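Visitor: Got a structure for you, questions after.
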Amino acid sequence: PPPTIAGKKRKRRTQDEPTSKPQKIITFIIGAMAASELKKPATKRVSKSASFEFHHGDEPWDTLKAQILAKISYLLSPDKVDFKDYDVSFYIPRILPKLGLPLSCEDNFKTLSSQVEKMSSHAPTINIVVQQNPVPTVV
1 PPPTIAGKKR
11 KRRTQDEPTS
21 KPQKIITFII
31 GAMAASELKK
41 PATKRVSKSA
51 SFEFHHGDEP
61 WDTLKAQILA
71 KISYLLSPDK
81 VDFKDYDVSF
91 YIPRILPKLG
101 LPLSCEDNFK
111 TLSSQVEKMS
121 SHAPTINIVV
131 QQNPVPTVV
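According to full-length UniProt numbering, numbering within the sequence shown proceeds without interruption in unit steps and concludes at 139.
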């Protein structure tokens, strides 16, 4: 009879080996527009942009909100920065269409997190669109 080749045996995982997924580092690209830019025709509008990294899973909604506010302050230089003064939305290229979803509260953040969990990439890029709400004029 011909010699037989012993097949490779799979090693069983021991309890000591970590089975957790590697942490995802999200790159957020923010495009911010002041209320004065929104008054212009769409073809003449100029958006300012910046980016930052966010460790998904470790950092809560408040941390993301603070980072967004810091970038708004840097890009638009408003007199005061209040999250309620801006329309914030996000979209994920090739996954979530460009109109995107709102990002204004913790529930929206959970939606974003669930979208990130579905992604196979460990370093996804998410776009955030920030538009300043027009200041109401007092007559």
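Where a beta carbon is used, it is the ideal one built from N, C-alpha and C, also for glycine. On a predicted model such as this, the values are computed, not experimentally measured, just so you know.
To the nearest angstrom, report how far apart K24 and S49 are at their CA atoms.
Guide: 22 Å
Visitor: Let me check you understand the geometry: is the CB of G31 closer than 7 Å to at least one non-hydrogen atom of the ligand ATP?
Guide: Annotation note on the ligand ATP: not contained in the displayed structure, which lists no ligands.
Visitor: Check I68 in the structure and name its three-state DSSP category.
Guide: helix
Visitor: Is D85 near Q131, with beta carbons less than 8 Å apart?
Guide: It is not a contact, given that the beta carbons lie outside the stated cut-off.
Visitor: Would you say F28 and I128 are within 8 Å of each other, going by their C-beta atoms?
Guide: For F28 and I128, yes; Cβs fall inside 8 Å.
Visitor: If we call anything under 8 Å between Cβ atoms a contact, is A32 one with L76?
Guide: yes
Visitor: Which two residues bound the contiguous beta strand (DSSP E) that contains A32?
Guide: 25-33
Visitor: Closest by CA to K71, which one among A35, F109, F52?
Guide: F52
Visitor: Does the distance from the C-beta atom of A35 to that of N133 stay below 8 Å?
Guide: yes
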